[in-house]
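Worksheet: the structure to be examined is printed underneath.
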Amino acid sequence: MAGSGGLALRTLPGSAWVRSSGSALLGRLKDVAVVRPGFLSKDEEDTLSGELEPELRRRRYEYDHWDAAIHGFREIEKSRWTEASRVILQRVQVAAFGPGQTLLSPIHVLDLEPRGYIKPHVDSVKFCGATIAGLSLLSPSVMRLVHTQEPGQWLELLLEPGSLYILRDSARYDFSHEILRDEESFFGEHRVPRGRRISVICRSVPEGVGPGQLPPAC
Ligand SMILES: O=C(O)CCC(=O)C(=O)O
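Those letters in the sequence shown? Residues 1 to 218, per full-length UniProt numbering, in order.
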């Protein structure tokens, strides 16, 4: 598990945003667990958070998610976006999804308060296809992936504001993912203090689901 065993920081060539339990795993997952720091410009971050803030503010933070996976959160499912935000989401689509993949609509927006966190889980295959791509706003955080059968195999992604992460195929199906709570929020030896974090999560539709049969939400 992360933090145990005194493992040295291992990074992908040219990347300091991914750590793992071993270089073989890092190599195996390099195309399916991806972080793109600085994907958003500051203006784009402001565009998204400015658009989301009034809608989020109308909701209360919740502490009992239906499957107890998320604590200290509020969320919206958003299908109507301004043109400026649509342009950004289009960039996410091009960067993260293949030409044959359809995105789930509405798009899931999650607002975690500073003490909020997401427990390890694998997104249900009933509601989500092979690709999950998330934009992070406001606060840095650490996403940890742990192999569901071999817990010694793990990856950590450092998600700075403005970054995009992409989980696909094996990284999405064979590993749980979580967002660490503030007390545990370390990337290797580096403390990553958690503040309020908003994520905009795009998912592909489940395999075998036609455009007319999309589930209401992930
Ligand atoms: O906030 C994120 O980036 C991840 C959200 C997540 O894991 C989920 O909604 O299932």
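Glycine is no exception: its CB is placed at the ideal position from the N, C-alpha and C atoms.
* To do: Under the assumption that Val34 contacts Tyr165 (Cβ atoms under 8 Å), give the Cβ distance between them as a whole number of angstroms.
  => Along the sequence shown, read from residue 1 onward, the residue named residue 34 stands at position 34. Along the sequence shown, read from residue 1 onward, the residue named residue 165 stands at position 165. Between Tyr165 and Val34 the Cβ distance is about 7 Å, and since that is below 8 Å, they are a contact.
- [ ] Compute every distance between the C-beta of Ile166 and the non-hydrogen atoms of ligand 1, then say whether any falls below 8 Å.
- [x] Here residue 166 corresponds to residue number 166 of the sequence shown, with the count starting at 1. The answer is no for Ile166.
Any idea what DSSP makes of Thr47, helix, strand or coil? By 1-based counting over the sequence shown, the position of residue 47 is 47. Of the three classes helix, strand and coil, the one that applies to Thr47 here is helix, per DSSP.
Checklist entry - Which value, in whole angstroms, describes the spacing of the CA atoms of Gly152 and Thr82? => result To locate residue 152, count along the sequence shown from 1; it is residue 152. To locate residue 82, count along the sequence shown from 1; it is residue 82. Whole-angstrom Cα-Cα distance: 43 Å.
In chain order, what are the residue ranges of uninterrupted beta strand (DSSP E) at least 3 long that sit wholly in the segment 178 to 212? 197 to 203
Exercise. Taking 8 Å as the cut-off, does the CB of Gly199 come closer than this to any heavy atom belonging to ligand 1?
Worked result: One-based indexing of the sequence shown puts residue 199 at position 199. What sits at residue 199 in the sequence shown is Ser, not Gly. Yes, Cβ of Ser199 sits closer than 8 Å to a heavy atom of ligand 1.
Can you tell me whether DSSP reads Leu25 as helix, strand or coil?
For the purposes of this step, residue 25 is identified with residue 25 of the sequence shown, where counting begins at 1. It is helical.
Original post:
Using 8 Å as the threshold, is the segment 128 to 140 in touch with the segment 86 to 101, meaning 3 or more CB pairs across them?
Top reply: yes
Q) Does the beta carbon of Tyr61 sit closer than 9 Å to a beta carbon anywhere in chain B? A) Here there is only one protein chain, and chain B is not present.
query: Does DSSP classify Lys126 as helix, strand or coil?
result: Taking the sequence shown and counting its residues from 1, the one referred to as residue 126 is at position 126. In this structure, Lys126 counts as coil in the three-state DSSP scheme.
Q: Return yes when at least one heavy atom of ligand 1 lies under 8 Å from the C-beta of Ser185, else no.
A: Numbered from its first residue, the sequence shown carries residue 185 at position 185. Result no, Cβ not under 8 Å from ligand 1.
Residues near Pro37 in its chain [Cβ-Cβ closer than 6 Å; skip 5 each side]: The residue given as residue 37 occupies position 37 in the sequence shown. Taken in chain order, the residues that qualify are Trp17, Glu160 and Ser163.
Report all residues from its chain with a CB closer than 6 Å to the CB of Ile70; omit the five preceding and five following residues, and keep chain order.
Residue numbering aside, residue 70 sits at position 70 when the sequence shown is read from its first letter. So the qualifying residues of the chain are Ile118.
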